[in-house]
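In the working numbering, the protein residues as written are 5 to 373. Inspection log for the structure reproduced underneath, given as structure tokens.
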């Protein structure tokens, strides 16, 4: 099915001895020759395996290692190495490495960093499908990121080789541009999402990062509120109620001030879902508030029917059984079902008998005479 089994190994920090062994092995030299260089590498990287590799690569790329024909071995100047790379850790080293990438590759990994530590090919295809944004082909660029050691690929998934790489690339994007980039990614994915829940949820997550600071205009707020409502439905369908609650809350925050007048259907949708999810979470206060809003603004009986059903559940859960019963009778009456005000045992037995007869006559093709 295009999936690959991935086994994750956790590699702890390397000791000074480990780094010495690694350097000695790669340079084919005894420990006594590499001990000082290895100590410098260890102190700069704090033994982080990924940083050790990046540090050594930098030394090679900057020609700080040279092969001496006279001595028949690799030589270096630790003072030069220390002066050239004198930052704490390797944040500066990573930034320098990334600055040497091509413009399109750098843009590709920046977009990928906005999507988290990993990105699926289906998402990349969605971004590439419109040829609007990005202006280059992500599928052609990300394999180059793998070649550079920035990302790795397992089946249909591209993943950053280290969380710090993803974070460093993400932080290279200026804060304001970062917000706009999230919005552009989200809006582009929405065009492709259609009925694909995964793409739609990812697109909405991107948009919501942009919306946190209230930067969306009126038209965008309306579009993004609808996106959150749809995302909430997808989340509810997969029983992700906490996730659904987040989408609903964001959608409600994006509604206009007079939303019951200007965005009636969307408002009804969001408040019904909010009441329903609040009921599942046992948030009676919020559920009551949402039901009150619907009751005050519903235009027709049909529009208030779902809210009325939830209100009955709320009353019953609060041990207000008589009120719940009365509400049920009112709803049934509006639906054309009339119940007697007083129910006697003979009436119940008679109705039960009639129901049993009706059920016995039901077949897969309908009711027989």
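C-beta: ideal position from N, C-alpha, C; glycine also.
Shown here for residue 254: same chain residues with a beta carbon closer than 6 Å to its own, the five before and five after excluded, namely 212 and 232 in chain order.
Rounded to the nearest angstrom, the Cβ distance from residue 331 to residue 312 is 7 Å, consistent with a contact under 8 Å.
Within 10 angstroms of the beta-carbon of residue 209 lie 16 or more other beta-carbons, which makes it buried. In this structure, residue 58 lies away from residue 105, with their beta-carbon atoms at least 9 Å apart.
Along the stretch 12 to 58, the alpha helix (DSSP H) occurs as fully enclosed runs of 4 or more residues at 20 to 31 and 35 to 49, listed in sequence order. Residue 128 and residue 246 have their alpha carbons spaced roughly 27 Å apart.
Residue 282 and residue 288 have their C-alpha atoms roughly 7 Å apart. Taking every protein chain shown into account, the CB of residue 334 has fewer than 16 other CB atoms within 10 angstroms, so this residue is exposed.
When the Cα atoms are used, residue 108 and residue 114 turn out to be separated by approximately 10 Å. Taking the Cα positions, residue 175 is about 38 Å away from residue 262. For residue 80, there is no enclosing alpha helix (DSSP H), as DSSP marks it with neither H nor E.
Taken through DSSP and simplified to helix, strand or coil, residue 224 comes out as helix. DSSP places residue 157 in the uninterrupted beta strand (DSSP E) bounded by 155 to 158. Taking the Cα of residue 260 as reference, the smallest distance to any Cα among 252, 70 and 271 is reached at 271. Distance check between residue 301 and each of 286, 284 and 276 places 276 closest, using alpha-carbon atoms only. The criterion of a C-beta distance shorter than 9 Å is not satisfied by residue 144 and residue 150. A residue is called buried once 16 or more other Cβ atoms fall within 10 Å of its Cβ, and residue 238 is buried on that count. Judged by beta-carbon spacing, residue 205 lies beyond the 9 Å limit of residue 229, meaning their Cβ atoms are not closer than that value.
For residue 264, the CB contacts under 6 Å within the same chain, skipping 5 residues up- and downstream, are 271 and 301 in chain order. In its chain, beyond the 5 residues on either side, 305 have a beta carbon closer than 8 Å to the beta carbon of residue 338.
The alpha carbon of residue 18 has as its nearest neighbour, out of 139, 191, 84 and 52, the alpha carbon of 52.
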